[in-house]
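Engineer: Each residue of the sequence shown is one higher than the one before, starting from 1 at the first, in our numbering.
Using N, Cα and C, we set each Cβ at its ideal position, and we do this for glycine too.
Note that the structure is predicted; figures quoted are calculated from it, not measured.
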Amino acid sequence: MDAVQPLLDTLQQETSHPKLEKCIDQLIKLVDEGYKDDENEVQKAIVDSAAFASAVPPLLSGAEDHPTLTARAAQLVAELAKAEAVRVPLVNLGLVPPLLILIQPEAKGTAEIATQVCRALGNVCFDNDVGRKAVDEGDGLTLSIQLIEKFTKSTESGADRVRVLCCGFILNLTNECDWLADKAVESGALTVLDSVLRDNPDQEDLYHMAIAAFLRITDSDVAKSDKWINVVVKTLVWVVSRENTSSPLIPVLEELNIISEMDAMKGQLAESELPDHLLRIIQHNTDLLAKESEGSDGHGTQDAEECIKTASDLLLSLLVGEGSMETLYGGGEGAVFKQCVQWMTSEVDSLKVLAALSVGNFARSDAHCRQLVDSGIVESLLTLLKVTLVEGKDVNFTLQHAVLSSLRNLAIPTSNKGRLLELGVMAAVLELKHTEVMAVTFKLLGVLRMLIDGQESAATTLGQDKDFLNCLVDWCAVEEHAGVKGEATRCMSWLIKNSRTSQVMRNVVRAEGMQHLVSMGTSEHLVMQNEALVALNLVAATVLGEAAVSLKEAGLTDMVLTILKKGDAQPELLCNTLTLVRSLATADILKQDLMGSGAMDVIRLLSTEHAHQGVKDAATAALAALEEEVNR
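1. List the endpoints of the continuous alpha helix (DSSP H) containing Y35.
2. My parser needs the alpha helix (DSSP H) runs of 4 or more residues fully inside the region 168 to 238; what are they?
3. Whole angstroms are fine: how far does the CA of E305 sit from the CA of P248?
4. Can you give the Cα-Cα distance for C166 and L256, rounded to whole angstroms?
5. Should V222 go down as buried or exposed, given a rule of 16 or more other Cβ atoms within 10 Å for buried?
6. One question on the structure: do T398 and V353 come within less than 8 Å of each other, judged by their Cβ atoms?
7. Could you work out which residue in K566, G418, K82 is closest to I640 when comparing CA atoms only?
8. Grouping DSSP H, G and I as helix and E and B as strand, with all else coil, what is P413?
9. Rounded to a whole number of angstroms, what is the C-alpha to C-alpha distance between G168 and M209?
10. Leaving aside the five residues before and after M450 along the sequence, list all residues of the same chain whose C-beta is less than 6 Å from its C-beta, in chain order.
11. According to DSSP, simplified to helix, strand and coil, what is Q592?
12. Under 8 Å by Cβ, that's how I've got T441 and W494 pegged, so tell me the actual separation to the nearest angstrom.
13. State the DSSP-derived secondary structure class of T393, mapped to helix, strand or coil.
14. Looking at C-alpha atoms only, which residue of S415, T577, A264, S380 is the closest neighbour of A428?
15. Look at I170 and A159 and say whether their C-beta atoms are less than 8 Å apart.
16. Could you please give the first and the last residue of the uninterrupted alpha helix (DSSP H) stretch that includes N128?
17. What's the C-alpha gap between H636 and D465?
18. Taking C-beta to C-beta, are P275 and L316 nearer than 8 Å?
19. Quick check for students: name the residue ranges of the alpha helix (DSSP H) that lie wholly in the region 5 to 85, counting only runs of 4 or more.
20. Quick one, which of T218, W238, A181 has its alpha-carbon nearest L197's?
21. Could you work out which residue in F52, A547, E186, L193 is closest to L76 when comparing CA atoms only?
22. Ordered along the chain, which non-local residues of its own chain (more than five positions away) have a Cβ less than 8 Å from that of L7?
23. Could you round the C-beta distance between V543 and V581 to whole angstroms and report it? I think they count as a contact, below 8 Å.
24. Check S499 in the structure and name its three-state DSSP category.
25. Look at the Cβ atom of A458, then the Cβ atom of L430, and state whether they are nearer than 8 Å.
26. Using only the heavy atoms of the ligand MG, determine whether one of them is closer than 7 Å to the beta carbon of L8.
27. Can you give me the start and stop residues for the alpha helix (DSSP H) that S358 sits inside?
28. Beta-carbon within less than 8 Å of V240's beta-carbon, same chain only, minus the 5 sequence neighbours each way: which residues are those?
29. How about A74 and N123: do their beta carbons lie closer than 8 Å?
Listed below in structure tokens is the structure:
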């Protein structure tokens, strides 16, 4: 600190340019040393001094007469502005306008001046909205874009560094500042940065900084508008086209992933060269990791893993769109589809997972599902599933989840169900019934529910698997995973509906499944309510004698009353409930509950007041059944 004041005195009093340059160099050295002090006392002392405030602005205004001295003065500001504590004071001293003047198109400053000005402005703007506002008031965005253009084809020594620092200035100016990012887009920054990238692909520092600035600006509403989105995509896809594994590639893929969520862009991205490049990137980095595991001299393992994950996520995002999925499927001849089929036999788990997930996305239409089954894809999926069950190996739950997702979709078309059953899909997936991973259980239940839909024999077989039924009842009570709980109760109701056999119904009753069907009857989802009522009606009509006590203990009467009293209940739901009442009236234990609950009054009101004739008729029939039992 003792050395600062004499230098400040010299700065204020000296007129010799060489001596001033030497003085500034010494101040810069002190500033650099001052960063060892967390309190930034040196920087504060300089910026707060009257000497600095009076001497530096004139030095920034003499570029034509003393360019080297002007560059040194700008460098001093740049070094000082590294300290957060002095950024606002530097702005308050009015240093931004003279700095901006130095990079105006008509300015005759050197590359060194432009370099130091970009550093100074970039540092002043870093995480500093006061600085950003001051730069914007001086039209700094436009000036920075013009500066890049000026030095794009310049052969002047230092021009390369100017371009790098100017891109960094734009990055700091717009970072976490959406309104300035929008303004940068409207000022033409995207086009200029695109040119920088294409003209300088081998200048690593410039290339990386330009990508960073471009990505920051694209993360704005204006960049995502119809006017600019195609410019953004074209540049990003170009970057992807020339990369295999690099740090800049990952955020570019992430940005494309965000863009792919826009429905209007999925098709365009799928029709571009992007999918082919994604396949290349995934395969390249997979091979790179394989070399690493063999101990050869590879590099960038972490980047390679991240590239695989990000590229895979983007590819799957494209497959989510209907039109883009059709493009990539290509009638079974698309490059992406064919590559995914090949990856199913890969030794690499990540490729097998990606392949299985991709198949699940391709299997979103009946036509595709039939074609996929014809192609032998089910056998390949079952092979993958079998591999996850080998004793002594770590279980790949992600692969299990992916395979089950695909099998569920393939089992949806009626024409496929029998074929999947013949291929042993039900037996294969039941091997997973004791898994402790709820996400896998959820998909397992989905496969089984699709397989038994309309398949009486399969539903009967599954409904007689008492070990499975015990698991199913346990899953119906899982509170920590609502999806598993809902899927399990639906599967139980579908077992009853599709088997229509008394033995399966008795098995469900004995497994204590009635309480879950009754709870399902008041689900917030109408489809689940109706499914529960269909199953309960079948049980009541077929094995009521054995089920009555369980139904009473499960609170069936309360469920019935809740539905009947609901003013906005759908007619179909009311009719199913009233049909159930007719059956329940034949069981004394349940009839007494109904009579004591006030249900007759509610039903009587429905029989006369409800707007739907079907509900009136069902209520009249239910009322008659209850009264008949009373009069016996």
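Structural biologist: A quick look at the data gives this:
1. Note, Y35: premise wrong, no alpha helix (DSSP H); not H, not E.
2. 178 to 186, 189 to 199, 204 to 218
3. 14 Å
4. 25 Å
5. buried
6. yes
7. In the structure as shown, the chain begins at 1 and stops at 632. Residue 640 is therefore absent and cannot be evaluated.
8. coil
9. 6 Å
10. R408, A411, I412
11. helix
12. Not a contact, Cβ separation roughly 16 Å.
13. Correcting the residue type first, residue 393 is Lys in the shown sequence and not Thr. Reduced to three states, the DSSP call for K393 is coil.
14. S380
15. no
16. Per DSSP, N128 belongs to no alpha helix (DSSP H) and is neither H nor E.
17. The structure shown has nothing for residue 636, since the chain only spans 1 to 632.
18. no
19. 17 to 34, 41 to 47, 50 to 60, 67 to 80
20. W238
21. F52
22. C23, Q26, L27, L30
23. About 17 Å separates the two Cβ atoms, so there is no contact after all.
24. helix
25. no
26. Ligands in the displayed structure: none, and consequently the ligand MG is not present.
27. 349 to 362
28. L249, V252, L253, L256, L274, H277, L278, I281
29. no
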